[in-house]
Structure formats: C-alpha cells, structure tokens
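Notes to accompany the following structure.
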Amino acid sequence: MVSVLLSLPTEVMLEVFKNMRWRDILHASQVCRTFFEIAQDRSIWITLLRDSPTLLYRPILEASTDMQWYTAQDLRNILFRNISSTLGWNSPRKPQERIIPYGGLPIGNRGKVVLLEGGRWLLTFGRNLSNYDPDYDRAILAYDLDSPEFTSTVIYKDAGPENNKVLKGIHAQVDHSQSCLAFMLGLVFADPDNPPSPIRFDVLRVEQRGRGPEAKLVTVSKIKSLGPCEDIYDMMGDYVMISYYNVGDLHPSAKFLNWRTSSSTRHAVSTLKFKFGARVHVLPKNKFLTIEDWNKINIYVIPELRWAWPLEVPPTDVNLQRPIWSASLSCQAPKYALIMSSKPSYGPFATRLAFTRDDRIYGLVIPHDGSTPTLHVLAITPALPDLMRSTEVTICIDKIYAKPMHCSLKASMVAFSWPEEAYLGPTAWVPPILQFTHKVLVGHDWSMRDLDLVDGVSGRLVVGLKYEDTEFENGSLGEWSVVDFCHPQFLPALPPVTCIP
C-alpha cells in the first residue's frame, strides 16, 4: 500500500491525506519522509477542522474564522487541544493549578459567573462587585484566564431605565455566523425584591479582538432588548424557552420565543404541551429535546410561530406535540432515577449530546441533514451511580466532573471518547469500561458552598468559587483557582514528529 501511494503524483497523495482520519495521518507521517512532508500541508488540517464528522466541537479560532490566517502548526494545535485534554483528564499526573489568593480578584456572589466556551474568558457580575470598585456597579467583568495575571476588563455596563432591575443571569453561546471568535450573551434582568415581576431580556454580541496575549474581549453591539418578558430558562440560536404550568392542567406548557424577530411590543412565539416532569433542551435547527420519566428521550420540531403580545398567557387548548423521534435508554428500573445530560454540541455535521443513566454514558447524534438520529452506549462507568447520589456532577460532551462534597477533598473526573463514524453501527462498537481519576485541588476547601465550572473544549476547570447567600457581602474575595490539564499556552509545543528517512 505504501509503494502504491508513493507512486502517485504529489497532488493526488495530498487528496488522499485529506480523506484520512487524524490518527491515520499521524501514523502515516512517521512512515517516510514523503508522507511526513505531505502531512505538513495546511490544506489537510483545514479540511479536518472544517469537515471532520467526528469533531465534537467546532474549532475555537481566535483571530478569524478564515483559516488562511493560521499556520499548519496552529491548526494542528487547535485540533489536538481537546484530544490532549482528554489524556490529561484520565492521567494520574497532577494538573497545573494557578491559585488566586484571598482578596485578589472579586467574583459576583450567588453563583454569578459564566465560563465562555473555549475556557479563556470568565464573566462575572453582581451588586456586591461595587463594594470592591465603584466602576463595577451594574457591570459585567471579564477575566482573561490565559493571562498570567488574570487581567480583567469591564465589557458592559447596564444603562437600562429600570433601576430596580439587576442582572440575574447570562445565557452564553458561540456565534458561528461571525468572521472572528464571537459570542451571543442573553442577559436576564429582574427585580430581586419582586421575583414574579416581568424581566427584561437583552442580547449582546461580544468579540475577541486579536489573538494570543494581546487579545481583548469587547462588546460590539446590543442586538435586541425585549421587555416585559417572562423568565428565560434556555437559549439556543435565535430561540429562548419559557416554561409554564397552568393550575388544573395535567400537562405543562412551553413557550418558544424567537428573540431575533420579536420586539418589545410583539413576540414571535410557539406554544406546546409535553408530559409532566419532562426536562427540555433547545436544539439547533428549530428543534428541542425532552427527557421524560427515567428512560425516554424525545425530539420535537418547534411548531409554527405566531404573533403574541408580551406576557400573553398561552392558550390552554394546545394539543400535545408528537415527537419526530423517540428512544428509550433502558427497560430496566434505574438504580439512580435522574438522567443527566450535557449541553448540545453543535458540530460541522451533527448536534451531539451525552447522557448518563446509572453506570452508562450514552451519546446522541442528530444529523443536520435531517436523517434519523442515533443513540449509542459510549462507555460504562461503574462508579457513576454512587457519585450521582452523593456529589454535584457536571456532564460535558466528552467529560464528566464530580466536585468534592462533605469531607472529601478529591474531585472525580473521567474523559470518554466517541467512536469514529465507521464504528457507530449497532454491533461494531464495544463500549469501554472507564474508571474515574481523583485529584486534590487547592482551590477546594471544606466549604460545601463552592461553585466549579468546566469547559469541555479545553478541559479547563475553575474551582473554589464561593456561592454566598447574600449579594452585598464581600465573600466574593475568597480563594479560587484555575486548573489546566492541557492548554496551548501552558504546555510545551507538540514535539516534532520523527520519521524514517
């Protein structure tokens, strides 16, 4: 086979490499000098990043979505960032942990922190921040976790007319429509002294300007401001979800609102009913997913939108929606009843979610071309049910993290793989049995009121953030830390591949 490939013209060999998997490219580059030189071609890594059906995350490109700005080594490092962090999560070696000393950097109380996808930017907000600096009043503060000093900047200050409304929460997502690394932030403003009162919902676009140490996160524009509005439970793309429950009705209702086409005087909404107790995730491509009972997953299409007044109560005669796809995880009664899921991961060809039930990790693939979704058992983790019962667990698309609770100071974590597309058949893939690794992190202490954040792309953790009961105390000035398993800035460059002359 090697001699046949070597007999081909260089341009033909290059096209063959473009159709190979990343593992095969690395292996081939060590066979001979010719293959090694072809594997350095930028077009191969551009093809892998753009078109690989097995990438669980779209690439986080700092400077521009135009990959022509990046060298072959840059693209190779981007591709292997997630792969390397997976190895770090499952390694017994201690990760790199950087400690923010007590009183060093303020964090908004009551869990008011958001780690943007990619793990570089930590957003925080809260009324207590003005106790640290008056300029932080009604502001969103961004920490650059890639910088050695964790430099910070105010990226937004609310100038809304309702002085009684404060920022309650942020829904964040990558904006793939932009030519640079950009995020959509959905800001929920509410009156803390009157929780049932209507909220204001603003949508911002923020961008990373520049790359490397010189990069800055800036707010580009406020795209939308909607108010009055009901509380927002989930956001994906142009849709947000609002949940209702009508007294006397056996089925709760969900209202989906297209924030881009709505205004403060009329909303583009769609209302439907689903089974009581279901948990709902908004999906890309105008779909949503529900988890019902203890084993059933349904996918629905968001019904046709209609115009409605703000705060208009949904009609009670809405029919139950019929799913376009359903699947059951298992017919056996669960040892641990709760099904947990990751956030949807929007890839080049499909949206994926990971689910856990008992000791099984499941993977759901929803193709963007409209073909039938598929559900697979990705791995078996015998320790998972006990962790679910005793700790706070975070599910990512390829990682599971359990923060230490009670008297334990050890965090539990495991990274898992998805099979290549060729092995997604019903019998070709044998799920591996995985064991959690346990790590003691300085950012944890004996307090049970810590908030840990996980970035699935880089594998970065932010641990030890204090979750205080009041917005006005200075408890946000406690000690917390940033943990890196494999991040390009803090690890040596990938060693050059040795090859046979």
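Just so it is clear: in the sequence shown, position 222 is 222 by UniProt numbering, and no numbers are missing.
Idealized CB from N, CA, C, for every residue including glycine.
{"Item": "Pick from Ala-28, Glu-37, Phe-80, Ser-85 that is closest to Phe-485, judged by C-alpha positions", "Value": "Ser-85"}
{"Item": "Beta strand (DSSP E) runs contained entirely in the stretch 351-438, provided each spans 3 or more residues", "Value": "360-367, 374-380, 393-395, 399-402, 410-415"}
{"Item": "Straight-line gap, Leu-8 to Phe-17 (C-alpha atoms, nearest Å)", "Value": "12 Å"}
{"Item": "Between the CA atoms of Gly-456 and Asp-297 - distance to the nearest angstrom", "Value": "According to the sequence provided, residue 297 is Ile. The question's Asp does not apply to it. Approximately 23 Å, taken between the alpha carbons."}
{"Item": "Residue(s) in a DSSP beta bridge with Met-340", "Value": "Thr-356"}
{"Item": "Endpoints, alpha helix (DSSP H) assigned at residue 511", "Value": "Outside the modelled stretch of the chain, which goes from 1 to 501, sits residue 511, for which no answer is possible."}
{"Item": "Closest residue to Val-240 among Leu-338, Asp-293, Pro-196, Leu-305 (Cα-Cα distance)", "Value": "Leu-305"}
{"Item": "Minimum C-alpha distance to Gly-347 - residue among Arg-205, Thr-437, Leu-364", "Value": "Leu-364"}
{"Item": "The stretch 200-215 contacting the stretch 172-185, beta-carbon criterion three pairs below 8 Å", "Value": "yes"}
{"Item": "With 16 other Cβ atoms within 10 Å as the buried cut-off, status of Val-12", "Value": "exposed"}
{"Item": "Where the alpha helix (DSSP H) containing Ala-28 begins and where it ends", "Value": "22-28"}
{"Item": "Three-way DSSP call (helix, strand, coil) for Phe-288 in this model", "Value": "strand"}
{"Item": "Neighbourhood of Arg-120 by C-beta distance below 7 Å, restricted to the same chain and skipping five residues each side", "Value": "Asp-144, Leu-145, Asp-146"}
{"Item": "Three CB pairs or more closer than 8 Å across the stretch 377-389 and the stretch 355-362", "Value": "yes"}
{"Item": "Nearest to Met-388 (by Cα), restricted to the options Ala-415, Ile-366, Ile-339, Asp-369", "Value": "Ile-339"}
{"Item": "Run of the alpha helix (DSSP H) containing Val-16, from where it starts to where it stops", "Value": "10-18"}
{"Item": "Pro-213 (DSSP reduced to helix, strand or coil)", "Value": "helix"}
{"Item": "Arg-21 to Ala-39 span [Cα, whole Å]", "Value": "12 Å"}
{"Item": "6 Å Cβ shell around Gln-173 - same chain, five flanking residues per side excluded", "Value": "Met-184"}
{"Item": "Contact check, Lys-255 vs Pro-303, beta carbons under 7 Å", "Value": "no"}
{"Item": "Nearest residue (CA-CA) to Glu-312, options Val-31, Val-269, Tyr-132", "Value": "Val-269"}
{"Item": "Cut-off 6 Å between Cβ atoms - residues of its own chain near Gly-186, not counting five sequence neighbours on either side", "Value": "His-171, Val-203, Met-235"}
{"Item": "C-beta atoms of Val-414 and Ala-402 nearer than 7 Å", "Value": "no"}
{"Item": "Simplified DSSP assignment, three categories, for Pro-134", "Value": "helix"}
{"Item": "Of the listed residues Lys-168, Asn-90, Ser-390, nearest to Asp-193 (C-alpha basis)", "Value": "Lys-168"}
{"Item": "CA nearest to the CA of Gly-108, picked from Asp-133, Ile-99, Gly-88", "Value": "Asp-133"}
{"Item": "Backbone secondary structure at Arg-306 - three-state DSSP", "Value": "strand"}
{"Item": "Nearest residue (CA-CA) to Ser-328, options Trp-307, Ser-345, Phe-355", "Value": "Phe-355"}
{"Item": "Separation of Gly-88 from Leu-494, as counted between CA atoms", "Value": "Caution applies to Leu-494, whose pLDDT of 42 falls short of 50 and renders its modelled position unreliable; the value that the coordinates give is listed next. So the alpha carbons of these two residues sit roughly 14 Å apart."}
{"Item": "Sequence-distant residues of the same chain with beta carbon closer than 7 Å to Leu-75, five excluded per side", "Value": "Arg-42, Trp-45, Ile-46, Leu-49, Met-67"}
{"Item": "Pairwise C-alpha distance: Ser-262 and Ser-326", "Value": "31 Å"}
{"Item": "Length of the line joining the Cα atoms of Glu-15 and Ile-78", "Value": "21 Å"}
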